[in-house]
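Using this note's numbering, the letters of the sequence shown correspond one by one to residues 2 to 131.
Just so it is clear, CB atoms sit at the ideal spot from N, CA and C, and this is done for glycine as well.
Okay, structure first, notes after.
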Amino acid sequence: MLQNLFQKIYIPKKVHEEITYKEDYFIPKFIETVEIDNSEILHYLEFYLDKGESEAIALALERDLPLIIDEKKGRKIAKNLGIKIVGLLGIVYLNVQKGFITKKEAKAFLETAVKNGYRISEKLIEEVLK
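Printed below as a string of structure tokens:
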């Protein structure tokens with residue numbers, strides 16, 4: 002779904018480590034791992050967030066990019082810093098709106114996400130997929 006919406010996605014090193022902790026995990030070529038240059042903002046963010054979220058926000062600020070994030074505290078901080086954010090629901094919604102997936106496929110995807118620990122209410126899923 003991400004590749005339907007973005008030609009390239011940049012992730013910081015810590016996020017790369019978090020999603021590839023299993024050796025068999027494959028990262029698509031349109032996702033590029035990059036280093037963070039803005040250590041000052043990173044140091045500040047790490048007082049409030051974990052290292053992966055801190056690096057992701059620092060990268061979005063550094064490169065003036067939108068941020069894919071779902072964690073509530075991280076979203077709030079990113080918004081306060083003027084970063085455009087999108088989460089899982091937004092990505093699914095945009096894929097439906099652009100015709101890449103059907104509402105039925107979106108609902109099935111979100112139900113699977115919930116079964117795997119993603120927290121979202123059935124009411125919100127229905128609201129997004131109206």
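Close CB contacts of LYS15 within its chain, under the 7 Å cut and outside five residues either way in sequence, are with LYS52, GLY53 and GLU56 (chain order). If you check the CB distance, LEU46 and ILE37 do not come in under 8 Å.
For GLU33, there is no enclosing alpha helix (DSSP H); the residue is part of the beta strand (DSSP E) that begins and ends at 32-35.
Nearest neighbour of LEU6 by Cα position, chosen from LYS124, GLU112, LYS74 and LEU68, turns out to be LEU68. Nearest in C-alpha terms to LYS9, of all of GLU18, TYR22, ILE28 and GLU19, is ILE28. The Cβ atoms of LEU50 and LYS74 sit closer than 8 Å to each other. Secondary structure note for ILE28: it is in no alpha helix (DSSP H), with a DSSP letter that is neither H nor E.
In the three-state DSSP reduction, ILE20 falls in the helix class (H, G or I). For SER40, the closest of GLU33, ILE58 and LYS30 by C-alpha to C-alpha distance is ILE58.
Residues of the same chain with a CB within less than 6 Å of the CB of ARG76, apart from the 5 flanking positions on each side, are ILE70 and ILE86 in chain order.
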